[in-house]
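Undergrad: Shown below is the structure under consideration.
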Amino acid sequence: MASLLRDCEEFAVPYLDDVAIFSNTWEDHVKHLEEIFVKMKTAKLHLKPSKCQFAREHVKYLGHIVGQSQRKPGELKIQAVKEFPRPQNKTQIRSFLGLAGYYRRYIPDFSVIAAPLTDLLKGKDVKSSVNWTSTCEDAFEELKKRLSERPVLYSPDFTASFIIQSDASNFGIGVVLSQINQDSEEHPIMPLRLPFGLKNAPYDFSRLMASFLRDCEEFAVPYLDDVAIFSNTWEDHVKHLEEIFVKMKTAKLHLKPSKCQFAREHVKYLGHIVGQGQRKPGELKIQAVKEFPRPQNKTQIRSFLGLAGYYRRYIPDFSRASALGLLLLDHQQAFFQTGTRLLNHPT
1 MASLLRDCEE
11 FAVPYLDDVA
21 IFSNTWEDHV
31 KHLEEIFVKM
41 KTAKLHLKPS
51 KCQFAREHVK
61 YLGHIVGQSQ
71 RKPGELKIQA
81 VKEFPRPQNK
91 TQIRSFLGLA
101 GYYRRYIPDF
111 SVIAAPLTDL
121 LKGKDVKSSV
131 NWTSTCEDAF
141 EELKKRLSER
151 PVLYSPDFTA
161 SFIIQSDASN
171 FGIGVVLSQI
181 NQDSEEHPIM
191 PLRLPFGLKN
201 APYDFSRLMA
211 SFLRDCEEFA
221 VPYLDDVAIF
231 SNTWEDHVKH
241 LEEIFVKMKT
251 AKLHLKPSKC
261 QFAREHVKYL
271 GHIVGQGQRK
281 PGELKIQAVK
291 EFPRPQNKTQ
301 IRSFLGLAGY
311 YRRYIPDFSR
321 ASALGLLLLD
331 HQQAFFQTGT
341 RLLNHPT
């Protein structure tokens, strides 16, 4: 569907077997529907009328209610958060934070409010009980309260001015982007928060390097604290290295020689071995798939599919081969089909 509707992305969003079509006026909506129908007819695709909704001001989409330039959490999800029982262990805390966290964009300072709960997840014992304090209870109830207030986010109007409200605490910097509507009411568009701490340092550095090497993107790819430099000839490679070194010297950045690799035909990068116009899975990852024991429960199935799925581009029909594993615990066929294809060392 993404391929079929590629030139309709300004008014149509596909997700799995759903397509959301949105327009500013009724006349535009009729044109957009007609264009989608023609494309689907040409591709010999069929719609099931009982599953379609037309000319709606609001629709339910991926757990949100969307329409009229607004977006808000779905009622069933809000009710699920409100009725969530007090967590007794780390697994239940993760479940609550996963449910509430799906709507974190509606809650300014979500990470700060949830901090007492996320702190309880520290440690290796995932099944241990937790020390539930009054601070944890306050955080738990506050997140419920914030979502119960039916928060609404609005679509931005790029012809109007924006209002930026910022605040800072010992934990980070918070920002709320908002606008004034036609009724002279201020409405929120997006809350953002950047926590302080070393945890975000690699990502800050990654953004710095991406900006720093923007005019070198044809031959240099930064990722966190790594930079991969690639060239078609040795002469080009020397020039590219020199250009990067000059930039880093000007910016007073330093390289650690012991962590650098130069003039390699192949390098390990993000779990792949890349070079000479080829890319293949890293040996350690292949070995991990090869030695993965037969899963006994859904958690172990997800772990295996996460490991093998990182290399899904190497495996034709990966989703078909792994489909049984997603649906069943008795997944022997899917498990070994997926693993065996990866062990063939695809390139």
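Per full-length UniProt numbering, the sequence shown starts with residue 1, numbered consecutively.
We put the CB at the ideal spot given by N, CA and C, even for glycine.
Since the structure is predicted, the reported quantities are computational estimates derived from the model, not experimental observations.
1. Please work out which residues of its chain come closer than 6 Å, Cβ to Cβ, to His29, disregarding the five sequence neighbours upstream and downstream, and give them in chain order.
2. Can you grab the Cα-Cα spacing for the pair Gln92 / Lys285, in whole Å?
3. Whose C-alpha, out of His32, Lys82 and Ala20, is nearest the C-alpha of Tyr61?
4. Secondary structure at Tyr15, three-state DSSP: helix, strand or coil?
5. Tell me whether Tyr15 is buried or exposed, calling it buried when 16 or more other Cβ atoms sit within 10 Å of its Cβ.
6. So for Ala20, helix, strand or coil by DSSP?
7. Gln278 by DSSP, collapsed to three states: which one?
8. Report all residues from its chain with a CB closer than 6 Å to the CB of Phe135; omit the five preceding and five following residues, and keep chain order.
9. Do the CB positions of Ser148 and Ile65 come within less than 8 Å of each other?
10. Asp226 lies in the beta strand (DSSP E); which residues open and close that run?
11. Does the Cβ of Tyr106 have 16 or more other Cβ atoms within 10 Å, making it buried, or fewer, making it exposed?
12. Based on Cα-Cα distance, which residue from Asp226, Phe219, Ala308 and Arg104 lies nearest to Asp236?
13. Ignore the nearest five residues each way along the sequence and tell me which others in Ile180's own chain have a CB closer than 6 Å to its CB.
14. Measure the Cβ-Cβ separation of His32 and Ala55 and say whether it is below 8 Å.
15. Are the Cβ atoms of Val238 and Ala228 separated by less than 8 Å?
16. Could you have a look at Met1 and say whether DSSP puts it in helix, strand or coil?
17. Considering Gly67, what are the terminal residues of the beta strand (DSSP E) in which it resides?
18. Closer than 8 Å by C-beta to Glu283: which residues in its own chain qualify, once you throw out the five before and the five after it? Chain order, please.
TA: According to the structure shown:
1. Counting from one through the sequence shown, the residue named residue 29 turns up at place 29. So the list reads Ser23, once near-sequence residues are dropped.
2. What you label residue 92 is simply residue 92 of the sequence shown in a count that begins at 1. What you label residue 285 is simply residue 285 of the sequence shown in a count that begins at 1. Those two C-alpha atoms are separated by around 31 Å.
3. Your numbering for residue 61 matches position 61 in the sequence shown. The candidate whose alpha carbon is nearest that of Tyr61 is Ala20.
4. The residue you call residue 15 lines up with position 15 of the sequence shown. Tyr15: strand per DSSP, three-state reduction.
5. Looking up residue 15 in the sequence shown gives position 15. Classification of Tyr15: exposed, given that the 10 Å Cβ count is below 16.
6. As a position in the sequence shown, residue 20 is number 20, starting the count at 1. DSSP places Ala20 in strand when its eight states are reduced to three.
7. Against the sequence shown, residue 278 aligns to sequence position 278. Looking at Gln278 - three-state DSSP - the assignment turns out to be strand.
8. Looking up residue 135 in the sequence shown gives position 135. Sequence check: residue 135 is Thr here, not Phe. The answer, listed in chain order, is Pro116.
9. Against the sequence shown, residue 148 aligns to sequence position 148. Against the sequence shown, residue 65 aligns to sequence position 65. Cβ atoms of Ser148 and Ile65: not closer than 8 Å.
10. Within the sequence shown, numbered from 1, the residue matching residue 226 stands at position 226. Segment Asp226 to Ile229, the beta strand (DSSP E) holding Asp226.
11. Locating residue 106 in the sequence shown gives position 106, where the first residue counts as 1. Result: buried.
12. On the sequence shown, residue 236 is found 236 positions in, with the first residue counted as 1. If we check each option's Cα against that of Asp236, Phe219 comes out closest.
13. For the purposes of this step, residue 180 is taken as the residue at position 180 of the sequence shown. Excluding sequence neighbours, Ile180 sits near Glu186.
14. Numbered from 1 along the sequence shown, position 32 holds the residue referred to as residue 32. Numbered from 1 along the sequence shown, position 55 holds the residue referred to as residue 55. Cβ atoms of His32 and Ala55: not closer than 8 Å.
15. The residue labelled residue 238 in the question sits at position 238 within the sequence shown. The residue labelled residue 228 in the question sits at position 228 within the sequence shown. No, they are not a contact pair.
16. Working through the sequence shown from its first residue, we reach residue 1 at position 1. In the structure shown, Met1 sits in coil (DSSP, three-state: anything other than H, G, I, E or B).
17. In the sequence shown, counting from the first residue as 1, residue 67 sits at position 67. Segment His64 to Gly67, the beta strand (DSSP E) holding Gly67.
18. Working through the sequence shown from its first residue, we reach residue 283 at position 283. Contacts found: Ile273.
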